[in-house]
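Peer 1: Quick one: the structure is below, and I'll ask about it shortly.
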Amino acid sequence: MKLIVAYIQPHKLNDVKQELFKVDVVKMSVTNALGCGQQMGYHESYRGVDIEVNLLKKIRIEIAVNKEFVKPTVDAIIKGARSGNIGDGKIFVTNLEDCIRIRSGETGNEAIG
Amino acid sequence: MKVKRIILFVTAGLFVTTTELFANEVTETLELHSQALDMIWLVLAAALVFFMQAGFAMVETGLTRAKNANNILMKNLMDFSAGALAYWAIGWAIMYGVSSAGFFGTNQFFLAGADSSLFRDWMFQVVFAATAATIVSGAMAERTKFSSYLVYSVFVSALIYPISGHWIWNCDGWLANAGFHDFAGSTVVHSVGGWIALAGAILLGARKGKYFEVAGKKQARAIPGHNMPLAALGVFILWFGWYGFNAGSTLSGTDLSIGLIAVTTTLSASAGAVASMITSWIWFKKPDPSMSLNGALAGLVGITAGCAVATPLGSIIIGLTAGILVVLSVEFIDKVLHIDDPVGAVSAHGVCGAWGTIAVGLFANTDDIKGLFYGGGFNQLGIQTLGVLSVFVWAFGIGLLLFISIRKTIGLRVSETEELQGLDIGEHGSEAYAGFQIFSTQ
Chain A
1 MKLIVAYIQP
11 HKLNDVKQEL
21 FKVDVVKMSV
31 TNALGCGQQM
41 GYHESYRGVD
51 IEVNLLKKIR
61 IEIAVNKEFV
71 KPTVDAIIKG
81 ARSGNIGDGK
91 IFVTNLEDCI
101 RIRSGETGNE
111 AIG
Chain B
1001 MKVKRIILFV
1011 TAGLFVTTTE
1021 LFANEVTETL
1031 ELHSQALDMI
1041 WLVLAAALVF
1051 FMQAGFAMVE
1061 TGLTRAKNAN
1071 NILMKNLMDF
1081 SAGALAYWAI
1091 GWAIMYGVSS
1101 AGFFGTNQFF
1111 LAGADSSLFR
1121 DWMFQVVFAA
1131 TAATIVSGAM
1141 AERTKFSSYL
1151 VYSVFVSALI
1161 YPISGHWIWN
1171 CDGWLANAGF
1181 HDFAGSTVVH
1191 SVGGWIALAG
1201 AILLGARKGK
1211 YFEVAGKKQA
1221 RAIPGHNMPL
1231 AALGVFILWF
1241 GWYGFNAGST
1251 LSGTDLSIGL
1261 IAVTTTLSAS
1271 AGAVASMITS
1281 WIWFKKPDPS
1291 MSLNGALAGL
1301 VGITAGCAVA
1311 TPLGSIIIGL
1321 TAGILVVLSV
1331 EFIDKVLHID
1341 DPVGAVSAHG
1351 VCGAWGTIAV
1361 GLFANTDDIK
1371 GLFYGGGFNQ
1381 LGIQTLGVLS
1391 VFVWAFGIGL
1401 LLFISIRKTI
1411 GLRVSETEEL
1421 QGLDIGEHGS
1431 EAYAGFQIFS
1441 TQ
């Protein structure tokens, strides 16, 4: 079992979701996130005073999958989120110790699917 | 005997003179009071109509996304402010100056030679000009360059609105002479704004992500507004201001039709809200809040032309029709024509304004104007239709021309990156909701 965490551009969420649906990955959690990477920030100004904003709005997607789904999921996220520009985001894949479905008490591989 | 007669004569003479003096004084006082009533009523009504700017700002902000809120507010502030300056310099003169063949005015630029009654009238008219200008902001929301919008604002208040306004509201205008009746501006104000908005929305193109293709067929995606309470507050403010808009258009505080006008305005707005709620309930299975709010505005726009000549029952029918019409029109423009109008301005102001103007030819019931349903025949209906068509050709045509010129010179639309990030950051370098986390996934 793996946990895939992806940070993407907010406006790419729709495309990513569509690509994920195509490879039968329909379960995910999405949250708002702020992040800074190579993209650097931008400047705002409030009543003439400069504000440097270097934490940009991003979307964090978390998907827990069984091993065989790792490759298709990662590929789908890349396909949906990639524009070729700095700021497209990152994907982290980590091992997942366990997974329990609260309703039924199922654990492990069965609880994920 | 003789003495008595003389005394009687003198007394009678004195009585006649004092009565005459007294009568003159009464006439003068009455005249002064009636002038004072006009002054108070018109300036008060102008303030009410001015407050509609706040209504438009809130409706448009509420029905669009959080990332563009500052931009909407700036547009609403500036189309009034820049527009008022333009209307002082040029607009008033073109609308109410001495007519050149019924097409445009030619004097009183910069309010030359103004007296107190002209100041009063200008004050009442400038808020109408600003209303026409601000209608366009909503239809072009979330993608228009701010500088381009400023240029547009000046042109609409200085030229486009005053010229068609001259035709109808200047007593020597060609439509006025033909007997065209638009009491408070269904056509003069709302349709003009609506048709320019249509031209703008067409030339701008849709917001990114608004339409997508499935199997070669273009489909509309909903882009929900970010704050319905603000949109609702805006509609209530507009409704409140409309009592100045319609009842103020008596142009006189001693005109006793103010009562009827307030009643027809209220009934039509209510009927519009009810009708669009029912229409959306049947069509979309649930009573849609945003559409019902549009319905109230549709009813208000619809009754604006005929508020002084329609009966209360007539105003209800006008409102009901406008309420249904606005839903049909919003759906048609979005799903069939694929023109992106984020707040439904073209439908509420353009389409329902045209309907309200034509409705005068059907529902008018006074000694001067009789509509078709009250035995007046087709005459008034024909004149009303002619007015609606002429103003459509003028406003839509010149709107296209203006926006094409702007697009060719300074550009009409922001870059794609800026649109995605939000116009607040791109155009104004600041955000409306500092300290809030906002989903900007669209």
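So the sequences go chain by chain: A and B.
For the first sequence, counting from 1, position 35 maps to 35 in our numbering; every step adds exactly one.
Take the position in the second sequence, starting the count at 1, then add 1000; the result is the number in our numbering.
Each residue gets a CB set at the ideal place from its N, CA and C atoms; glycine is no exception.
Could you give the C-beta distance for A1129(B) and G1091(B), rounded to a whole number, given that I count them as a contact under 8 Å?
Peer 2: Yes, they are in contact, since the Cβ atoms of A1129(B) and G1091(B) sit about 6 Å apart, within 8 Å.
Peer 1: Could you check whether A1262(B) and D1334(B) sit closer than 7 Å to each other, using their CB atoms as the reference points?
Peer 2: Against a cut-off of 7 Å, the Cβ pair of A1262(B) and D1334(B) comes out as no contact.
Peer 1: Are there 16 or more other CB atoms within 10 angstroms of the CB of Y46(A), so buried, or fewer, so exposed?
Peer 2: It counts as exposed.
Peer 1: With 16 other CB atoms within 10 Å as the buried threshold, where does H1349(B) fall?
Peer 2: With 16 or more Cβ atoms within 10 Å of its Cβ, H1349(B) is classed as buried.
Peer 1: Excluding the five sequence neighbours on either side, which residues of its own chain have a C-beta within less than 8 Å of the C-beta of A127(A), listed in chain order?
Peer 2: Outside the displayed span of chain A (1 to 113) sits residue 127(A), for which this structure offers no information.
Peer 1: For E52(A), name the three-state secondary structure that DSSP assigns.
Peer 2: Reduced to three states, the DSSP call for E52(A) is strand.
Peer 1: Using DSSP with H/G/I as helix, E/B as strand and the rest coil, what is V5(A)?
Peer 2: If DSSP states are grouped into helix, strand and coil, V5(A) belongs with the strands.
Peer 1: Take the Cβ of L1337(B) as the centre, count every other Cβ of all protein chains shown within 10 Å, and call the residue buried at 16 or more, exposed below.
Peer 2: That one is exposed.
Peer 1: Select from A1046(B), G1138(B), A1089(B) the residue whose C-alpha is nearest the C-alpha of A1114(B).
Peer 2: Closest option to A1114(B), Cα to Cα, is A1089(B).
Peer 1: CB-CB under 6 Å to E1419(B), same chain, minus the five flanking residues each way: which ones, in chain order?
Peer 2: Hits under 6 Å: R1143, K1208.
Peer 1: N14(A) touches chain B at which residues, Cβ-Cβ below 8 Å?
Peer 2: Chain B residues near N14(A): G1209, T1441, Q1442.
Peer 1: For a contact meaning CB atoms closer than 9 Å, what does T1430(B) contact in chain A?
Peer 2: A small correction: the amino acid at residue 1430(B) is Ser; Thr does not occupy that position in the sequence shown. What S1430(B) touches in chain A: E44, S45, Y46, R47, I51.
Peer 1: For a minimum of 3 consecutive residues, which ranges assigned as the beta strand (DSSP E) are wholly contained in the stretch 8 to 64 of chain A?
Peer 2: Whole beta strand (DSSP E) segments, 3+ residues: 29 to 35, 42 to 46, 49 to 53.
Peer 1: At a CB-CB cut-off below 7 Å, which residues of chain B make contact with K57(A)?
Peer 2: Chain B residues near K57(A): S1440.
Peer 1: Please classify E19(A) as buried or exposed, where buried requires at least 16 neighbouring CB atoms within 10 angstroms.
Peer 2: Answer is buried; the Cβ neighbour count reaches 16.
Peer 1: Which residue spans inside the stretch 1372 to 1397 of chain B form an unbroken beta strand (DSSP E) run of at least 3?
Peer 2: DSSP runs (the beta strand (DSSP E)) wholly in the stretch 1372 to 1397 of chain B: none.
Peer 1: Is it buried or exposed, A1023(B), if we count other Cβ atoms within 10 angstroms and call 16 or more buried?
Peer 2: Exposed.
Peer 1: Can you give the beta carbon distance from L1233(B) to M1058(B), rounded, assuming they're within the 8 Å contact cut?
Peer 2: Yes, they are in contact, since the Cβ atoms of L1233(B) and M1058(B) sit about 5 Å apart, within 8 Å.
Peer 1: Output yes or no for whether 7 Å exceeds the beta carbon distance between V1346(B) and A1197(B).
Peer 2: Cβ atoms of V1346(B) and A1197(B): closer than 7 Å.
Peer 1: Q1219(B) CB to nearest chain A CB: under 7 Å?
Peer 2: So, not an interface residue.
Peer 1: Here's a check: name, in chain order, each residue in its chain whose Cβ is nearer than 7 Å to the Cβ of M1074(B), leaving out the five neighbours to either side.
Peer 2: Correct list, in chain order: F1146, H1428.
Peer 1: Measuring only between beta-carbons, confirm whether L1423(B) sits less than 7 Å from chain A.
Peer 2: So no, L1423(B) is outside the interface.
Peer 1: Grab me the residues of V1414(B)'s own chain with a C-beta within less than 8 Å of its C-beta, minus the 5 sequence neighbours each way, in chain order.
Peer 2: These residues qualify, in order along the chain: R1143, T1144, K1145, L1423, G1426, E1427.
Peer 1: Helix, strand or coil for V972(B)? Go by DSSP, reduced to three states.
Peer 2: Residue 972(B) lies beyond the range of chain B shown here (1001 to 1442); nothing can be said about it.
Peer 1: Measure how close the beta-carbons of L1238(B) and L1320(B) come, nearest whole angstrom, since I'm counting them as under 8 Å.
Peer 2: Between L1320(B) and L1238(B) the Cβ distance is about 19 Å, and since that is not below 8 Å, they are no contact.
Peer 1: What did DSSP end up calling T107(A) once you bin it into helix, strand or coil?
Peer 2: T107(A): strand per DSSP, three-state reduction.
Peer 1: How is N1365(B) classed by DSSP in three states: helix, strand or coil?
Peer 2: Looking at N1365(B) - three-state DSSP - the assignment turns out to be strand.
Peer 1: What's the call for V26(A), buried or exposed, on a 16-neighbour Cβ count within 10 Å?
Peer 2: Exposed.
Peer 1: Less than 7 Å between CB atoms is the rule here; does L1420(B) satisfy it with respect to chain A?
Peer 2: With 7 Å as the cut-off, L1420(B) counts as an interface residue toward chain A.
Peer 1: Going by other Cβ atoms of all chains shown within 10 Å of its Cβ, with 16 needed for buried, is T1279(B) buried or exposed?
Peer 2: Buried, by the Cβ-count rule.
Peer 1: Using the beta-carbon count (16 or more within 10 Å), is G1397(B) buried or exposed?
Peer 2: It is exposed - the Cβ of G1397(B) has fewer than 16 other Cβ atoms within 10 Å.
Peer 1: Using DSSP with H/G/I as helix, E/B as strand and the rest coil, what is Q1219(B)?
Peer 2: Q1219(B) falls in the strand class under three-state DSSP.
Peer 1: The beta strand (DSSP E) spanning E1213(B) covers which residue range?
Peer 2: Taken as a continuous stretch (DSSP letters only), the beta strand (DSSP E) holding E1213(B) covers 1211 to 1214.
Peer 1: If you pair each beta-carbon of the stretch 1158 to 1167 of chain B with each one of the stretch 1361 to 1370 of chain B, do three or more pairs fall below 8 Å?
Peer 2: Because the criterion of three Cβ pairs below 8 Å is not met, the stretch 1158 to 1167 of chain B and the stretch 1361 to 1370 of chain B do not touch.
Peer 1: In chain order, which continuous runs of the beta strand (DSSP E) of length 3 or greater are located wholly inside the stretch 78 to 107 of chain A?
Peer 2: Those beta strand (DSSP E) runs which fall completely within the stretch 78 to 107 of chain A and span 3+ residues are 89 to 95.
Peer 1: Applying the 10 Å Cβ sphere with the 16-neighbour rule, what's the burial state of W1242(B)?
Peer 2: With 16 or more Cβ atoms within 10 Å of its Cβ, W1242(B) is classed as buried.
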